[in-house]
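Using UniProt numbering, the first residue of the sequence shown is number 1, and each one after it goes up by one.
Beta carbons: idealized from backbone N, C-alpha and C, even for Gly.
As the structure is a computational prediction, the values presented were derived from the model and not from experiment.
See structure below.
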Amino acid sequence: MPLPPPVPYTPDRLRVRRQKRGCCATYCTWSCFVFLLFLVVLKLSVTFAPKCTYRSTYTSEKVSLKGVEDLSIDVSGIPSFGSWITFKTSNQPYFQTTILSPSDDANVRWTVKDGKAQLNIKVDDIVFTSCVAVQVTVSLPNNLQSLKINAIDTTVNFPDGPAYVKDIDVRVKNTRLVSKGNLSANRWYMRTTNARIEGTFSADTIDLGTSNAEINAIIQNATYVTLASSNGRISGSIDSRDTASLTTTNGGINLGMITAKYISLITSNSKIEVAKADVGNQLDASTSNARINLSVWKAGKDAVITSKTSNAPNSVSLVSRDAYLLCTVLYNQPYIPLIHCFFRQSNLYDAHFYLFTTHSETKVIAREGEVQYDLSSKTEKEGDKLTQGGSVGKVDVSLKTTNAACELSFR
1 MPLPPPVPYT PDRLRVRRQK RGCCATYCTW SCFVFLLFLV VLKLSVTFAP
51 KCTYRSTYTS EKVSLKGVED LSIDVSGIPS FGSWITFKTS NQPYFQTTIL
101 SPSDDANVRW TVKDGKAQLN IKVDDIVFTS CVAVQVTVSL PNNLQSLKIN
151 AIDTTVNFPD GPAYVKDIDV RVKNTRLVSK GNLSANRWYM RTTNARIEGT
201 FSADTIDLGT SNAEINAIIQ NATYVTLASS NGRISGSIDS RDTASLTTTN
251 GGINLGMITA KYISLITSNS KIEVAKADVG NQLDASTSNA RINLSVWKAG
301 KDAVITSKTS NAPNSVSLVS RDAYLLCTVL YNQPYIPLIH CFFRQSNLYD
351 AHFYLFTTHS ETKVIAREGE VQYDLSSKTE KEGDKLTQGG SVGKVDVSLK
401 TTNAACELSF R
């Protein structure tokens with residue numbers, strides 16, 4: 001039986017159809033049109049926006065820093081692309097400033113008096129019209145006690161040659177901090193926003209913090225180390241005599257090597273991986289919704305190791321060897337590896353362990369006859385690992401996770 005012919009749309013039927021559909025179709029159409037118009041305007045603004053034209057170049061004299069113990073550099077406003085502060089070493093300490101701008105105005109002021117030097121540079125702080133590039137070269141004095149830097153959008157390069165500053169305080173934003181490893185200090189203090197910190201740092205106290213960026217550092221000859229990042233990854237290697245505290249959110253912790261008496265590794269929603277750990281007294285590793293993988297190559301007498309995560313595997317291995325060589329590789333620049341090796345003496349230790357998980361299994365891997373269980377089930381294990389031939393101490397190990405495997409191995 002053939003189908004009846006379609007009923008034509010009359011004005012009344014069209015009006016009823018529009019009322020039933022509402023304004024959704026019209027709203028979506030206008031939204032797409034406005035979005036496309038925005039993209040076109042953005043493209044045109046980028047294409048035809050005025051580029052920075054540096055018609056004027058101002059270069060200051062070489063200001064001597066002989067006898068200066070305190071140096072402060074302040075760049076206020078927002079410089080244009082290509083701004084930097086570069087430190088170097090020479091027999092004649094000085095600083096020199098170059099300003100590239102569209103006009104002859106160069107708002108540069110400096111004072112050198114009573115062993116203190118201060119350089120102030122004022123830049124137009126309107127983001128889309130700023131066309132002032134700041135370039136500062138500083139040759140560091142030998143007896144510098146304090147170095148302070150406050151800048152935005154200015155890359156900071158520390159010296160290639162050996163130098164020492166007692167106290168370093170750096171506060172920057174939207175820039176990059178690079179340490180070549182030859183500037184040592186009694187105290188390194190850095191705070192950055194949207195700026196990556198990378199390089200080699202040597203000081204008794206090292207405190208590096210950034211937000212929305214990563215820290216990639218080799219820490220040497222330190223006693224107290226604090227690395228903190230929000231929404232950024234922390235990587236590298238750390239050699240500390242006492243404390244090493246690493247904290248980040250939504251960023252992983254990935255270390256080739258870490259040595260300290262007290263170690264704290266805390267993050268969330270990202271993994272923690274340590275290739276070689278040398279812990280004297282205590283190691284705490286904590287994250288959530290991401291895996292933990294720790295390899296402890298040396299543990300002090302009566303050391304406590306705690307590893308906690310959730311919804312991801314938790315794995316810790318303890319190595320007992322008479323001696324070993326720790327080596328780690330950090331790429332400060334693409335394809336240029338820096339290899340650092342440390343000789344360590346290990347110890348043979350007993351261990352008390354506790355493993356817990358849910359909806360998965362726990363596993364202890366050791367040589368036959370070395371493990372004695374007080375509690376052994378699929379999701380929970382507790383017991384002792386006894387070293388054949390005696391040991392120098394007993395390590396306490398605790399691993400916890402949920403909904404994933406929990407594994408402890410003795411190698």
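With fewer than 16 neighbouring CB atoms inside 10 Å of its own CB, Y373 falls in the exposed class. Taking the Cα positions, S80 is about 14 angstroms away from S103.
The beta-bridge partner set that DSSP reports for V395 consists of A351. In the DSSP annotation of this structure, S83 is not part of any beta strand (DSSP E), being labelled neither H nor E.
In terms of CA proximity to N143, D70 leads the group G251, D70, T200 and V395. In this structure, the alpha-carbon of V156 lies about 14 angstroms from that of F95. In chain order, E214, G251 and G252 place their CB closer than 6 angstroms to the CB of R233, counting only its own chain and leaving out the 5 sequence neighbours on each side. Along the segment 284-313, the beta strand (DSSP E) occurs as fully enclosed runs of 3 or more residues at 292-299 and 304-308, listed in sequence order. Less than 7 angstroms divides the Cβ of I238 from the Cβ of I219. If only complete runs of 3 or more residues are kept, the segment 243-276 shows the beta strand (DSSP E) at 253-266, in order along the chain. Restricting attention to V108, T89, G209 and L408, the CA atom closest to the CA of Y58 is found in V108. With a threshold of 16 other beta carbon atoms within 10 Å, R291 meets it and is buried. Sixteen is the threshold: since fewer than 16 other Cβ atoms of the shown chains lie within 10 Å of the Cβ of E368, the residue is exposed. Going by beta carbons, S245 and T226 fall inside the 7 angstroms limit. Under the three-state reduction of DSSP, V75 is assigned to strand.
Going by DSSP, C406 is part of the beta strand (DSSP E) stretching over C406 to F410. Taking C-beta atoms as the reference points, F353 and V397 count as a pair closer than 7 angstroms. By alpha-carbon distance to L140, the top candidate from F87, V172 and M190 is F87.
Taking I258 as reference, the option from S295, S288, H359 and S90 with the minimal CA-CA separation is S295. In its chain, beyond the 5 residues on either side, K122 have a beta carbon closer than 6 angstroms to the beta carbon of S76. Here K66 is exposed, its C-beta having fewer than 16 other C-beta atoms within 10 Å. Using a Cβ distance threshold of 7 angstroms, K148 and D114 do not count as a contacting pair.
Counted as a single uninterrupted DSSP element, the beta strand (DSSP E) harbouring Q96 occupies residues Y94 to S101. When the Cα atoms are used, T97 and V138 turn out to be separated by approximately 9 angstroms. When the alpha-carbon of T247 is set against those of A228, N186, R241 and P159, the nearest one is in A228. Looking at the backbone, the Cα of T175 and that of L283 are separated by about 33 angstroms. Residue nearest to G82 within the set S72, V68, I99 and N91 is I99 (criterion: CA-CA distance).
In the displayed model, F158 falls within coil according to three-state DSSP, outside both helix and strand. Its chain contains L246, I253, I272 and A285 as the residues whose beta carbon lies nearer than 6 angstroms to that of L265, once the 5 sequence neighbours on both sides are disregarded; these appear in chain order.
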